(Lines of atoms letter the chains of each structure in order from A and count residues from 1; the text may use other names and numbers.)
(Lines give C-alpha, C1' and ligand atoms only; values in the text may rest on other atoms or scores of the structure.)
Protein backbone atom coordinates (compact mmCIF):
# COMPACT_ATOMS: atom_id res chain seq x y z
CA UNK A 1 0.00 0.00 0.00
CA UNK A 2 1.10 3.62 -0.39
CA UNK A 3 2.27 5.71 2.53
CA UNK A 4 -0.70 7.16 4.40
CA UNK A 5 0.63 10.59 5.38
CA UNK A 6 -1.12 12.51 8.12
CA UNK A 7 1.77 14.99 8.13
CA UNK A 8 2.20 18.12 6.12
CA UNK A 9 5.49 19.88 5.63
CA UNK A 10 4.69 22.38 8.37
CA UNK A 11 2.44 20.50 10.78
CA UNK A 12 0.12 17.55 11.23
CA UNK A 13 -3.10 16.38 9.67
CA UNK A 14 -5.41 18.85 11.35
CA UNK A 15 -3.42 22.03 10.82
CA UNK A 16 -3.92 21.70 7.06
CA UNK A 17 -7.18 19.80 7.36
CA UNK A 18 -6.17 17.37 4.64
CA UNK A 19 -5.15 13.75 4.32
CA UNK A 20 -2.84 12.50 1.63
CA UNK A 21 -1.69 9.30 0.03
CA UNK A 22 1.79 9.14 -1.42
CA UNK A 23 2.09 6.86 -4.43
CA UNK A 24 5.77 5.93 -4.08
CA UNK A 25 6.91 3.96 -1.04
CA UNK A 26 9.94 5.18 0.87
CA UNK A 27 12.48 2.76 2.22
CA UNK A 28 12.92 2.66 5.99
CA UNK A 29 16.38 4.22 5.67
CA UNK A 30 15.09 7.04 3.47
CA UNK A 31 12.20 7.65 5.83
CA UNK A 32 14.40 7.88 8.91
CA UNK A 33 16.84 10.13 7.10
CA UNK A 34 14.04 12.53 6.21
CA UNK A 35 12.70 12.36 9.75
CA UNK A 36 16.08 13.17 11.28
CA UNK A 37 16.42 16.13 8.96
CA UNK A 38 13.00 17.44 9.95
CA UNK A 39 11.74 16.94 6.41
CA UNK A 40 9.36 14.07 7.01
CA UNK A 41 6.28 15.90 5.82
CA UNK A 42 8.03 16.82 2.60
CA UNK A 43 8.69 13.15 1.76
CA UNK A 44 8.29 14.12 -1.86
CA UNK A 45 6.97 17.03 -3.87
CA UNK A 46 4.49 14.50 -5.24
CA UNK A 47 2.37 14.66 -2.10
CA UNK A 48 -1.01 15.86 -3.27
CA UNK A 49 -3.03 17.90 -0.82
CA UNK A 50 -6.79 17.87 -1.01
CA UNK A 51 -7.70 20.12 1.91
CA UNK A 52 -11.11 19.84 3.44
CA UNK A 53 -11.02 23.62 3.58
CA UNK A 54 -12.37 23.56 0.04
CA UNK A 55 -15.70 22.86 1.75
CA UNK A 56 -15.63 26.09 3.77
CA UNK A 57 -17.55 27.72 5.38
CA UNK A 58 -18.57 24.30 6.74
CA UNK A 59 -15.14 23.93 8.31
CA UNK A 60 -15.04 25.39 11.79
CA UNK A 61 -12.63 25.65 14.68
CA UNK A 62 -13.43 25.27 18.37
CA UNK A 63 -11.29 27.30 20.76
CA UNK A 64 -9.41 24.90 23.08
CA UNK A 65 -7.56 27.46 25.23
CA UNK A 66 -8.97 29.82 27.87
CA UNK A 67 -8.41 32.85 25.65
CA UNK A 68 -7.57 32.79 21.94
CA UNK A 69 -5.96 35.80 20.29
CA UNK A 70 -6.71 36.74 16.69
CA UNK A 71 -3.81 38.55 15.02
CA UNK A 72 -3.70 40.82 12.00
CA UNK A 73 -1.10 38.49 10.46
CA UNK A 74 0.04 34.88 11.08
CA UNK A 75 2.62 35.70 13.76
CA UNK A 76 2.60 36.08 17.54
CA UNK A 77 4.30 39.46 17.23
CA UNK A 78 1.41 40.72 15.13
CA UNK A 79 -1.30 43.02 16.41
CA UNK A 80 -4.06 41.38 18.45
CA UNK A 81 -7.34 42.42 16.85
CA UNK A 82 -9.77 40.21 18.74
CA UNK A 83 -10.00 37.57 21.45
CA UNK A 84 -12.29 34.59 21.94
CA UNK A 85 -13.09 32.40 24.93
CA UNK A 86 -12.81 28.62 25.18
CA UNK A 87 -15.43 26.60 23.27
CA UNK A 88 -16.47 29.41 20.97
CA UNK A 89 -16.79 28.09 17.43
CA UNK A 90 -15.24 30.13 14.63
CA UNK A 91 -15.27 29.82 10.83
CA UNK A 92 -11.99 28.59 9.35
CA UNK A 93 -11.74 30.07 5.88
CA UNK A 94 -8.12 29.44 4.99
CA UNK A 95 -4.60 28.66 6.17
CA UNK A 96 -1.35 30.58 6.25
CA UNK A 97 2.26 29.71 7.04
CA UNK A 98 4.20 31.85 9.50
CA UNK A 99 7.67 33.17 8.71
CA UNK A 100 9.16 31.55 11.81
CA UNK A 101 11.15 28.66 10.35
CA UNK A 102 12.16 27.48 13.84
CA UNK A 103 8.58 26.88 14.97
CA UNK A 104 7.49 23.24 15.30
CA UNK A 105 4.10 24.25 13.90
CA UNK A 106 3.99 27.14 11.45
CA UNK A 107 0.36 26.74 10.42
CA UNK A 108 -2.20 29.41 11.20
CA UNK A 109 -5.92 29.49 10.42
CA UNK A 110 -7.62 32.40 8.74
CA UNK A 111 -10.74 33.33 10.69
CA UNK A 112 -13.11 34.93 8.21
CA UNK A 113 -12.17 38.57 7.65
CA UNK A 114 -11.02 39.06 11.24
CA UNK A 115 -7.45 37.80 11.08
CA UNK A 116 -5.38 34.74 11.96
CA UNK A 117 -5.31 32.26 14.84
CA UNK A 118 -2.60 29.78 15.79
CA UNK A 119 -3.78 26.35 14.63
CA UNK A 120 -2.63 24.54 17.78
CA UNK A 121 -5.31 26.34 19.80
CA UNK A 122 -8.26 25.45 17.58
CA UNK A 123 -9.79 22.01 17.20
CA UNK A 124 -11.03 21.64 13.60
CA UNK A 125 -14.69 20.69 13.80
CA UNK A 126 -17.85 20.52 11.74
CA UNK A 127 -21.55 20.70 12.52
CA UNK A 128 -23.26 17.59 11.19
CA UNK A 129 -26.76 16.72 12.42
CA UNK A 130 -28.01 13.14 12.31
CA UNK A 131 -31.37 11.44 11.98
CA UNK A 132 -32.06 9.62 15.26
CA UNK A 133 -32.65 5.88 15.12
CA UNK A 134 -35.68 4.22 16.69
CA UNK A 135 -33.78 1.39 18.36
CA UNK A 136 -30.24 0.51 19.35
CA UNK A 137 -28.65 -2.96 19.47
CA UNK A 138 -29.21 -4.86 22.75
CA UNK A 139 -25.55 -4.46 23.72
CA UNK A 140 -25.46 -0.79 22.75
CA UNK A 141 -23.89 1.12 19.87
CA UNK A 142 -20.69 3.10 19.49
CA UNK A 143 -21.47 6.73 18.66
CA UNK A 144 -19.34 9.75 17.81
CA UNK A 145 -20.08 13.40 18.53
CA UNK A 146 -20.60 15.10 15.15
CA UNK A 147 -20.98 18.71 16.31
CA UNK A 148 -18.38 21.02 17.93
CA UNK A 149 -19.75 20.08 21.35
CA UNK A 150 -22.93 18.91 22.99
CA UNK A 151 -23.98 18.89 26.62
CA UNK A 152 -24.83 15.57 28.27
CA UNK A 153 -27.46 15.82 31.00
CA UNK A 154 -28.22 13.70 34.05
CA UNK A 155 -31.79 13.29 32.77
CA UNK A 156 -33.20 13.41 29.21
CA UNK A 157 -34.34 17.02 29.52
CA UNK A 158 -32.60 20.22 28.50
CA UNK A 159 -33.48 21.75 31.86
CA UNK A 160 -31.72 19.01 33.84
CA UNK A 161 -28.21 19.33 35.23
CA UNK A 162 -25.33 19.08 32.77
CA UNK A 163 -23.10 16.12 33.59
CA UNK A 164 -20.42 16.72 30.96
CA UNK A 165 -19.73 18.66 27.83
CA UNK A 166 -18.88 16.20 25.06
CA UNK A 167 -16.65 17.30 22.21
CA UNK A 168 -16.33 16.68 18.48
CA UNK A 169 -15.05 13.21 17.51
CA UNK A 170 -15.26 11.87 21.05
CA UNK A 171 -16.77 8.38 21.18
CA UNK A 172 -19.34 6.96 23.57
CA UNK A 173 -21.54 3.91 24.10
CA UNK A 174 -25.28 4.51 23.67
CA UNK A 175 -27.74 1.87 24.87
CA UNK A 176 -31.20 3.47 24.86
CA UNK A 177 -33.32 5.81 22.75
CA UNK A 178 -35.58 8.13 24.72
CA UNK A 179 -38.27 10.35 23.24
CA UNK A 180 -39.05 13.34 25.43
CA UNK A 181 -42.50 14.46 24.32
CA UNK A 182 -42.59 17.80 26.17
CA UNK A 183 -39.54 19.01 24.23
CA UNK A 184 -40.28 16.84 21.18
CA UNK A 185 -36.68 15.70 21.35
CA UNK A 186 -34.86 12.38 21.00
CA UNK A 187 -32.04 11.51 23.39
CA UNK A 188 -29.54 8.68 23.56
CA UNK A 189 -28.57 7.28 26.93
CA UNK A 190 -24.79 7.10 27.23
CA UNK A 191 -22.78 4.82 29.48
CA UNK A 192 -20.03 6.36 31.58
CA UNK A 193 -17.49 3.54 31.63
CA UNK A 194 -15.40 5.16 34.37
CA UNK A 195 -18.04 5.82 37.01
CA UNK A 196 -20.58 3.19 35.94
CA UNK A 197 -23.41 5.65 35.50
CA UNK A 198 -25.46 7.11 32.65
CA UNK A 199 -26.17 10.48 31.12
CA UNK A 200 -28.16 11.70 28.14
CA UNK A 201 -27.23 13.61 25.00
CA UNK A 202 -29.27 14.84 22.00
CA UNK A 203 -29.47 12.07 19.42
CA UNK A 204 -29.06 14.50 16.51
CA UNK A 205 -25.57 15.34 17.78
CA UNK A 206 -24.38 11.71 17.81
CA UNK A 207 -23.45 9.60 14.81
CA UNK A 208 -23.63 5.82 14.92
CA UNK A 209 -20.42 4.19 13.71
CA UNK A 210 -20.73 1.36 11.22
CA UNK A 211 -18.91 -1.96 11.11
CA UNK A 212 -17.20 -0.84 7.90
CA UNK A 213 -15.64 2.14 9.67
CA UNK A 214 -13.84 -0.16 12.08
CA UNK A 215 -12.90 -2.83 9.56
CA UNK A 216 -9.22 -3.81 9.94
CA UNK A 217 -6.71 -2.04 7.70
CA UNK A 218 -4.23 -4.29 5.86
CA UNK A 219 -5.63 -7.53 7.31
CA UNK A 220 -3.63 -9.45 4.69
CA UNK A 221 -0.38 -8.34 6.37
CA UNK A 222 0.58 -10.64 9.25
CA UNK A 223 0.86 -8.95 12.62
CA UNK A 224 4.51 -10.03 12.88
CA UNK A 225 5.20 -7.86 9.82
CA UNK A 226 3.60 -4.75 11.32
CA UNK A 227 5.29 -2.39 13.76
CA UNK A 228 4.93 1.11 15.16
CA UNK A 229 7.81 3.46 15.89
CA UNK A 230 7.44 6.55 18.06
CA UNK A 231 10.32 9.02 17.76
CA UNK A 232 10.33 11.38 20.73
CA UNK A 233 12.76 13.95 19.35
CA UNK A 234 10.84 14.32 16.09
CA UNK A 235 7.46 13.90 17.86
CA UNK A 236 6.22 11.55 15.18
CA UNK A 237 4.68 8.10 14.99
CA UNK A 238 5.41 5.84 12.02
CA UNK A 239 3.71 2.57 11.09
CA UNK A 240 5.61 -0.02 9.07
CA UNK A 241 4.65 -3.02 7.00
CA UNK A 242 7.58 -5.30 6.15
CA UNK A 243 9.93 -2.46 7.30
CA UNK A 244 8.31 -0.04 4.82
CA UNK A 245 6.59 3.05 6.27
CA UNK A 246 2.90 3.16 5.39
CA UNK A 247 1.61 5.78 7.82
CA UNK A 248 2.94 8.76 9.73
CA UNK A 249 1.43 11.35 12.05
CA UNK A 250 2.54 14.11 14.38
CA UNK A 251 2.17 13.36 18.09
CA UNK A 252 2.47 15.01 21.49
CA UNK A 253 4.24 12.87 24.08
CA UNK A 254 5.15 13.30 27.75
CA UNK A 255 6.23 16.79 28.78
CA UNK A 256 7.28 18.95 31.71
CA UNK A 257 4.73 20.80 33.83
CA UNK A 258 4.75 22.76 37.07
CA UNK A 259 3.40 19.65 38.75
CA UNK A 260 6.30 17.54 37.50
CA UNK A 261 7.83 15.78 34.53
CA UNK A 262 5.74 13.12 32.80
CA UNK A 263 7.96 11.11 30.50
CA UNK A 264 6.86 8.74 27.78
CA UNK A 265 8.81 5.54 28.47
CA UNK A 266 11.42 4.26 26.04
CA UNK A 267 11.40 0.61 25.03
CA UNK A 268 9.45 -2.09 23.22
CA UNK A 269 5.76 -2.60 23.93
CA UNK A 270 2.68 -4.00 22.24
CA UNK A 271 -0.92 -2.87 21.75
CA UNK A 272 -2.43 -5.67 23.83
CA UNK A 273 -5.39 -3.69 25.22
CA UNK A 274 -7.62 -1.53 23.01
CA UNK A 275 -10.79 0.45 23.62
CA UNK A 276 -12.75 2.52 21.08
CA UNK A 277 -13.86 4.81 23.91
CA UNK A 278 -12.59 5.50 27.41
CA UNK A 279 -13.45 7.98 30.14
CA UNK A 280 -10.07 9.04 31.51
CA UNK A 281 -10.21 10.75 34.87
CA UNK A 282 -8.22 11.33 38.05
CA UNK A 283 -6.40 8.16 38.96
CA UNK A 284 -5.42 7.37 35.38
CA UNK A 285 -1.80 8.05 34.49
CA UNK A 286 -3.19 9.19 31.16
CA UNK A 287 -5.38 11.89 32.62
CA UNK A 288 -3.26 13.01 35.61
CA UNK A 289 -6.02 14.93 37.34
CA UNK A 290 -8.12 15.70 34.29
CA UNK A 291 -11.64 14.47 33.65
CA UNK A 292 -11.95 13.50 29.99
CA UNK A 293 -15.02 11.54 28.90
CA UNK A 294 -15.08 9.82 25.54
CA UNK A 295 -11.36 9.71 24.74
CA UNK A 296 -11.40 7.96 21.34
CA UNK A 297 -9.39 5.07 19.90
CA UNK A 298 -7.24 4.05 22.86
CA UNK A 299 -4.33 1.62 22.38
CA UNK A 300 -2.82 0.73 25.76
CA UNK A 301 0.80 -0.41 25.80
CA UNK A 302 1.47 -0.61 29.56
CA UNK A 303 -0.49 -1.79 32.58
CA UNK A 304 0.07 1.62 34.19
CA UNK A 305 -2.09 3.27 31.52
CA UNK A 306 0.32 4.61 28.90
CA UNK A 307 -1.47 4.57 25.57
CA UNK A 308 -1.79 6.02 22.12
CA UNK A 309 -5.14 7.78 21.83
CA UNK A 310 -7.16 10.44 20.08
CA UNK A 311 -7.05 13.93 21.57
CA UNK A 312 -9.71 16.63 21.50
CA UNK A 313 -8.51 19.04 24.21
CA UNK A 314 -5.76 20.48 22.00
CA UNK A 315 -4.57 20.52 18.40
CA UNK A 316 -0.97 21.29 19.30
CA UNK A 317 0.99 18.33 17.94
CA UNK A 318 4.72 18.29 17.36
CA UNK A 319 5.95 19.08 20.88
CA UNK A 320 5.92 17.18 24.21
CA UNK A 321 2.87 18.22 26.22
CA UNK A 322 1.09 15.09 27.46
CA UNK A 323 1.23 13.39 30.85
CA UNK A 324 3.05 10.39 29.40
CA UNK A 325 0.68 9.12 26.74
CA UNK A 326 1.02 9.56 23.00
CA UNK A 327 -1.53 12.16 21.88
CA UNK A 328 -2.79 11.94 18.30
CA UNK A 329 -5.58 13.54 16.33
CA UNK A 330 -8.72 11.39 16.52
CA UNK A 331 -8.41 10.48 12.84
CA UNK A 332 -4.80 9.37 13.21
CA UNK A 333 -5.61 7.36 16.34
CA UNK A 334 -8.53 5.71 14.56
CA UNK A 335 -6.27 4.65 11.68
CA UNK A 336 -3.82 3.00 14.08
CA UNK A 337 -6.68 1.46 16.04
CA UNK A 338 -7.95 -0.27 12.89
CA UNK A 339 -4.49 -1.26 11.66
CA UNK A 340 -3.17 -2.87 14.86
CA UNK A 341 -3.90 -6.12 16.64
CA UNK A 342 -5.97 -7.23 18.40
CA UNK A 343 -8.87 -6.14 16.22
CA UNK A 344 -11.98 -4.74 17.88
CA UNK A 345 -15.33 -5.02 16.12
CA UNK A 346 -17.83 -2.18 16.33
CA UNK A 347 -19.99 -4.05 18.86
CA UNK A 348 -17.17 -4.72 21.34
CA UNK A 349 -16.22 -2.34 24.13
CA UNK A 350 -12.63 -3.55 24.32
CA UNK A 351 -10.08 -6.21 23.43
CA UNK A 352 -7.56 -7.48 25.97
CA UNK A 353 -5.18 -10.16 24.72
CA UNK A 354 -1.75 -11.62 25.38
CA UNK A 355 -0.56 -10.31 22.02
CA UNK A 356 -0.58 -7.08 20.03
CA UNK A 357 1.28 -5.06 17.42
CA UNK A 358 4.85 -4.10 18.29
CA UNK A 359 5.41 -0.51 19.45
CA UNK A 360 8.97 0.76 19.80
CA UNK A 361 9.55 4.12 21.49
CA UNK A 362 12.95 5.65 20.82
CA UNK A 363 14.69 8.97 21.31
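Residue numbers (this note's numbering): 345 to 707. From the three backbone atoms N, C-alpha and C, an ideal C-beta is built for every residue, glycine too. These numbers were taken from a predicted model, which means no experiment stands behind them.
Annotation: the segment 579 to 628 contains the following complete segments of the beta strand (DSSP E) (minimum length 3 residues), in chain order: 580 to 585, 588 to 594, 611 to 614, 617 to 624. The three-state reading of DSSP puts residue 559 in coil, since its state is none of H, G, I, E or B. For the 8 Å CB-CB criterion, residue 655 and residue 680 do not form a contact. Comparing alpha carbon positions, the residue from 412, 490, 691 closest to residue 558 is 691.
419 is the residue among 664, 434, 419, 511 whose C-alpha sits nearest the C-alpha of residue 441.
Under the three-state reduction of DSSP, residue 554 is assigned to coil, being neither helix nor strand. At the C-beta level, residue 589 and residue 582 come within 8 Å of one another. Rounded to whole angstroms, the separation of the alpha carbons of residue 484 and residue 520 is 7 Å.
Look at residue 465 here: in three-state DSSP terms it is helix.
Distance from the CA of residue 437 to the CA of residue 402, rounded to the nearest whole angstrom, comes to 9 Å. The straight-line gap separating the alpha-carbon atoms of residue 689 and residue 463 is approximately 33 Å. For residue 598, the number of other beta carbons within 10 angstroms of its own is at least 16, and it is reported as buried.
Residues of the same chain with a CB within less than 7 Å of the CB of residue 499, apart from the 5 flanking positions on each side, are 544 in chain order. By the neighbour-count definition (other C-beta atoms within 10 Å, threshold 16), residue 465 is a buried residue. The segment 532 to 543 makes no contact with the segment 658 to 671; the number of CB pairs closer than 8 Å stays below 3.
Taken in chain order, the complete alpha helix (DSSP H) segments of 4 or more residues contained in the segment 397 to 439 number zero; there are none.
Between the alpha carbons of residue 566 and residue 596 lies a distance of about 28 Å.
Under the DSSP definition of a beta bridge, residue 452 partners with 440, 462. Relative to the Cα of residue 696, the nearest Cα in the group 550, 644, 668 belongs to 644. Approximately 6 Å separates the beta-carbon atoms of residue 683 and residue 562; this is inside 8 Å, confirming the contact. The residue from 497, 572, 502, 428 with its alpha-carbon nearest to that of residue 586 is 572. Here residue 452 is buried, its C-beta having at least 16 other C-beta atoms within 10 Å. When rounded, the separation of the alpha-carbon atoms in residue 547 and residue 478 is 10 Å. Rounded to whole angstroms, the gap between the alpha carbons of residue 413 and residue 486 is 36 Å.
Taking a contact as a CB-CB distance under 8 Å, the pair residue 705 and residue 608 counts as one, their CB atoms being some 6 Å apart.
With respect to residue 426, residue 458 sits close: the two C-beta atoms are nearer than 8 Å.
Residue environment analysis places residue 564 among the exposed positions, since fewer than 16 neighbouring C-beta atoms fall within 10 angstroms of its C-beta.
Counting along the chain, residue 675 sits inside the alpha helix (DSSP H) bounded by residues 674 to 683. In the three-state scheme derived from DSSP, where H, G and I count as helix and E and B as strand, residue 491 is classed as coil.
Counting other Cβ atoms within 10 Å of its Cβ, residue 528 stays below 16 and is therefore classed as exposed.
Inclusion of residue 493 and residue 510 in the CB contact set at 8 Å is warranted, their separation being smaller than that value. It is roughly 14 Å from the alpha-carbon of residue 610 to the alpha-carbon of residue 578. Residue burial is scored here from C-beta neighbours: residue 446 has fewer than 16 other C-beta atoms within 10 angstroms and is therefore classed as exposed. In this structure residue 523 is exposed. Its beta-carbon is surrounded by fewer than 16 other beta-carbon atoms within 10 angstroms. Per DSSP, residue 647 has no beta bridge partner at all. By the 16-neighbour rule on beta-carbons within 10 angstroms, residue 616 is buried.
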